[in-house]
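Everything below concerns the one structure shown next.
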Amino acid sequence: RNPTGRFGKPEEIVNMALYLASDESSWTNGATLVVDGGISVNYF
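Positions in the sequence shown are counted from 1; adding 1085 to them yields our numbering.
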């Protein structure tokens, strides 16, 4: 079950990709960023 009750939209996913490709993410390293709308909460 997905906590948000729906699948993600492409434009919601692309925002993370754009962030990671930008200079704003220069301090982001060694991190796992899960963009799944909360669905992984069911597995932990």
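Each residue gets a CB set at the ideal place from its N, CA and C atoms; glycine is no exception.
Residue i versus the options, residue with shortest Cα-Cα distance
i       : options                   : result
Gly1115 : Gly1122, Leu1105, Asp1121 : Leu1105
Leu1118 : Met1101, Glu1109, Pro1095 : Met1101
Integer-rounded CB distance, given that residue j should sit under 8 Å from residue i
i       : j       : result
Gly1122 : Gly1093 : 5 Å
Val1120 : Pro1088 : In fact, because the Cβ distance is near 14 Å, the residues do not count as touching under 8 Å.
Reduced DSSP category for residue i - H, G, I as helix; E, B as strand; rest coil
i       : result
Asp1121 : coil
Ser1111 : coil
Asn1087 : coil
Extent of the continuous alpha helix (DSSP H) to which residue i belongs
i       : result
Pro1095 : 1095–1106
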